[in-house]
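Chemist: Once you've had a glance at the structure underneath, I'll fire off some questions.
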Amino acid sequence: MGHASNLEVDTMQTAKQQAEEVLRRLPDDATLEDIQYHLYVLEKIRKGQNDIAEGRSYTHSQAKERLSRWLEM
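Below you can see the structure in the form of structure tokens.
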């Protein structure tokens, strides 16, 4: 099964509710690996949203600047 999906993260849902939604959207023949992957992606999205809300993010320009300095090393 491919990993492409329409994964939407509703920050008003609990983690359990979001996991249940992932399971509902997956086909009946989804493997445990498919389920683990989708839950992993869901968690990374939740962490990213929390980072943004807490101000732990960079603008596109800031990220380009940081990356360019790193690549010069």
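Per the working numbering, the sequence shown starts with residue 1, numbered consecutively. Even for Gly, the Cβ is constructed at its ideal location relative to N, Cα and C.
#1: The alpha helix (DSSP H) that contains G48, what's its start and end?
#2: Assess contact between the region 32-50 and the region 13-24, defined as three or more Cβ pairs (one per stretch) separated by less than 8 Å. Is contact present?
#3: Grouping DSSP H, G and I as helix and E and B as strand, with all else coil, what is R24?
#4: Can you tell me which of the three DSSP states Q13 falls into?
#5: Could you give the first and the last residue of the continuous alpha helix (DSSP H) run that contains S68?
Modeler: Walking through what the data contain:
#1: 32-53
#2: yes
#3: helix
#4: coil
#5: 60-72
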